[in-house]
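Per this note's numbering, the sequence shown starts with residue 93, numbered consecutively.
For every residue, glycine included, the Cβ atom is placed at its ideal position computed from N, Cα and C.
Right, one structure below, let's go through it.
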Amino acid sequence: MKTFIRIDIKGQWKDKKHISSSTAGAVHEGASCYSLEDIVDGIERLWKYWTTYASTYYDPNEFKNKQITIFEGEKVGEGPDGEDLAVSTRTVREIDAVTFMNKLSELIDQHEFEEITTEEYKAELEKLVQG
93 MKTFIRIDIK
103 GQWKDKKHIS
113 SSTAGAVHEG
123 ASCYSLEDIV
133 DGIERLWKYW
143 TTYASTYYDP
153 NEFKNKQITI
163 FEGEKVGEGP
173 DGEDLAVSTR
183 TVREIDAVTF
193 MNKLSELIDQ
203 HEFEEITTEE
213 YKAELEKLVQ
223 G
């Protein structure tokens, strides 16, 4: 079983029954998500999608009605935007998205400006996922 991360509107996550659709309206098997097998890569891909593709910058107000969903499941493919597609077998945790993304923004800046080492950055990301 692998662990994945995604962002949902609060109350919209359907766990094992969740499916995603592309912006073009095509429905695909599984939920759009990012694998946490490599925690740094998975979280940075989530950040990049939400601050580059879905928006052009980080605005905490965009996450007020959202949650971070962490789940275990099986990867079933790749989505149209290069994300992973996975079928959930168990929801591990749901975290308020504003709190998570604010902390993530702070950690990314600290890492970029070499205020923390890569090892410290990874350890902090692991703590962040633990809620």
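Determine the DSSP secondary structure at L128, reduced to helix, strand or coil. coil
Three-state secondary structure (DSSP) of F205: coil
Ranges of the alpha helix (DSSP H) found wholly within the stretch 123-173, counting only runs of at least 4: 131-140
Could you compute how far the alpha carbon of F96 sits from the alpha carbon of F163? 5 Å
Could you pull the start and end residues of the alpha helix (DSSP H) that E186 belongs to? Going by DSSP, E186 is part of no alpha helix (DSSP H) but of the beta strand (DSSP E) stretching over D176 to D188.
Count the other C-beta atoms from every protein chain shown that fall within 10 angstroms of the C-beta of D176, then say buried if there are 16 or more, exposed otherwise. Result: buried.
Quick check on T161: buried or exposed, where buried means 16 or more other Cβ atoms within 10 Å of its Cβ? So T161 counts as buried.
Bridge partners for T210 per DSSP, in chain order? Answer by DSSP bridge pairing: none, since T210 is not bridged.
Do you know offhand how far Y213's Cα is from I200's? 8 Å
Using a Cβ cut-off of 7 Å (strictly closer), state whether L220 contacts chain B. Of the protein chains in the structure, only one exists, and it is not chain B.
My output table needs one value for K108: the three-state DSSP class, helix, strand or coil. helix
When the distance is taken between beta carbons, is V190 closer than 7 Å to P152? yes
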